[in-house]
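Numbered as in the working numbering, the sequence shown ends at 392 without a single skipped number. For every residue, glycine included, the Cβ atom is placed at its ideal position computed from N, Cα and C. Have a look at the structure below before the remarks.
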Amino acid sequence: MTAVVEPPVARLAALPGVSTASRVAAQAERARATGRVLPVALALAGLLPGAGLRRGSTVAVHGGTSLLLALLAAATASGSWAAVVGMPSLGVAAAAEYGVDVTRLALVPYPGVELPAVVAALLDGVDLVAVQPETLQPAVARRLSARARHRGAVLLASGAWPGADVELSCRREPWSGPSEGYGHLRSRRVQVRASGRGAAARPLTAEVHLPAADGGVTQAHPAPSLREATA
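Have a look at this one:
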């Protein structure tokens, strides 16, 4: 079941396999996980306090949607529900390629001026809520972070977010693919940098493939490539 909310809501909700965000939130509330940390891919676990996404935290993700989708993948695969708000360019096919369980994903691409209210409502019943924060005032962003803390949800911001607990950013390297002739680009090497507050105050970096040859994210070396950032 893929959830998509955009006008006209009534007509879309009547289509087979499509639900409104409010219906998804109700289902997510019943199925909500009880653990305090939601899982992430092994290649990213060492960058995060508790080796995952701590419930109640706000994580700001810089450098495109690939890393954000990679963060959603393991959590949805393990049974958590997720929602993406205000990001119309993010589609179901791309999410699936990164390993996101799209039957546990609600898309609200065009919330308009109701974006803060939509995010707040989803935080009440969905495990992870990703949002494009460009139009949010800092005071509104802080209130949404407080809502996430109170409700035990994870707020993922695609861009800068005031007071984020963790900041993740990517430095992209060239794609790898066929050395000559025709073929497809297979994977891309990326350096992911993590910093933040409290337990995330010590900056760390990791070399990963994002996407990996088979989608998702993997370590760039057989052994862990985590190291403390020097800048």
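Q. Which word fits T237, buried or exposed, when buried means at least 16 other C-beta atoms lie within 10 angstroms of its C-beta?
A. Buried is the call here.
Q. Which partner residues of H223 appear in the DSSP bridge assignment?
A. S330
Q) Would E328 be called buried (16 or more neighbouring beta carbons within 10 Å of its own) or exposed? A) buried
(Q) With three or more beta-carbon pairs closer than 8 angstroms as the criterion, would you say the region 248-266 touches the region 206-220? (A) no
Q: Assess, as a yes-or-no matter, whether the region 297-314 is touched by the region 265-272 under the definition of 3 or more beta carbon pairs within less than 8 angstroms.
A: With a cut-off of 8 angstroms, the region 297-314 and the region 265-272 do not count as touching, because too few Cβ pairs lie within range.
Q | Where the beta strand (DSSP E) through E368 begins and ends | A | 365-370
**Q.** V353 - partner residues in DSSP beta bridges
**A.** C331, A367
Q) Straight-line CA distance for A235 to A373? A) 15 angstroms
Q.
Suppose you measure from the CA of P294 to the CA of A361; what does that come to, to the nearest Å?
A. 22 angstroms
Q: Assign P277 to buried or exposed, taking buried as 16 or more other Cβ atoms, counted over all protein chains shown, within 10 Å of its Cβ.
A: buried
Q | Length of the line joining the Cα atoms of A243 and A318 | A | 13 angstroms
Q: Check whether the Cβ atoms of Y259 and G377 sit closer than 8 angstroms, and answer yes or no.
A: Contact: yes.
Q. Can you tell which of P210, C331, P364, L284 has the C-alpha that lies nearest to the C-alpha of A231?
A. C331
Q: Could you check what DSSP says for V292 in three-state terms: helix, strand or coil?
A: strand
Q: State the CB to CB distance for the pair A355 and L209, rounded to an integer number of angstroms; the pair is presumed to be in contact (CB under 8 angstroms).
A: 7 angstroms
Q.
Taking the beta carbon of G342 as the centre, do at least 16 other beta carbons fall within 10 Å, making it buried, or is it exposed?
A. For G342, the predicted structure reports a pLDDT of 45, less than 50, and the residue's modelled location is therefore unreliable. The matter cannot be settled from this model.
**Q.** Which residues DSSP lists as bridging A300, in chain order
**A.** Note: A300 sits in no beta bridge, so no partner.
Q: Check A243 in the structure and name its three-state DSSP category.
A: strand
(Q) Using the Cβ count rule (16 or more neighbours within 10 Å means buried), how would you classify T366? (A) Buried.
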